[in-house]
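**Student:** Can you read through this structure? Questions will come right after.
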Amino acid sequence: MLAMSCPAVILKHMLNQSAPLDRMFQALADPTRRAVVARLCRGPASVSELAKPLDMTLSAVVQHLTVLEASGLVRSEKAGRVRTCRIVPKAMSLAERWLAERRANWEIRLDRLGEYLAEQVEKSDHERKS
């Protein structure tokens with residue numbers, strides 16, 4: 000019974016960890032939201048400032064900002080009639096860490112492949128000389 004519950008607990012933990020990452024990548028999948036994030040990386044901006052270069056209504060921009068806020072990438076605060084948005088740098092570290100882990104894994108695999116291919120070339124050269 001314990002053997003059956005342990006994998007379930009691990010799976011549940013993994014699923015709980017992936018939900019924020021899934022929301023983040025979903026938010027970044029849209030080019031408009033990536034443009035907003037890029038703009039906010041330069042500093043805070045009001046919703047109307049963010050909407051200026053975009054070819055869409057202010058309410059459409061607000062919907063994109065809602066997705067970005069739900070992902071944890073952006074935070075906003077309202078002062079009077081102005082809603083100011085800013086990037087949450089710590090949120091990006093989750094995606095960076097996930098990408099770095101994948102990159103490290105692939106670099107190891109590609110190094111192994113390179114070593115294998117070099118051995119095959121060396122072996123082939125040796126066989127031709129013999």
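In terms of numbering that gives the first Met the number 0, the sequence shown is residues 0 to 129.
Where is the CB? At the ideal position from N, CA and C, for every residue including glycine.
1. For residue 13, which of helix, strand or coil comes out of DSSP?
2. Using the rule of at least 16 other Cβ atoms within 10 Å of the residue's Cβ for burial, across every protein chain shown, is residue 116 buried or exposed?
3. Could you tell me which residues DSSP pairs with residue 77 in its beta bridges?
4. How many whole angstroms separate the CB atoms of residue 46 and residue 82, which I take to be in contact at a CB cut-off of 8 Å?
5. Please classify residue 114: does DSSP put it in a helix, a strand, or coil?
6. May I ask which residues mark the beginning and end of the alpha helix (DSSP H) holding residue 30?
7. Quick check: the stretch 63–78 against the stretch 16–34, are there 3 or more CB pairs under 8 Å?
8. According to DSSP, which residues form a beta bridge with residue 45?
**Tutor:** If we stick to the structure as given:
1. Its pLDDT being 49, under 50, residue 13 is placed unreliably by the model, and the measurement read from it follows with that caveat. Residue state, collapsed to three classes: helix.
2. exposed
3. 82
4. 5 Å
5. helix
6. 30–39
7. yes
8. 83
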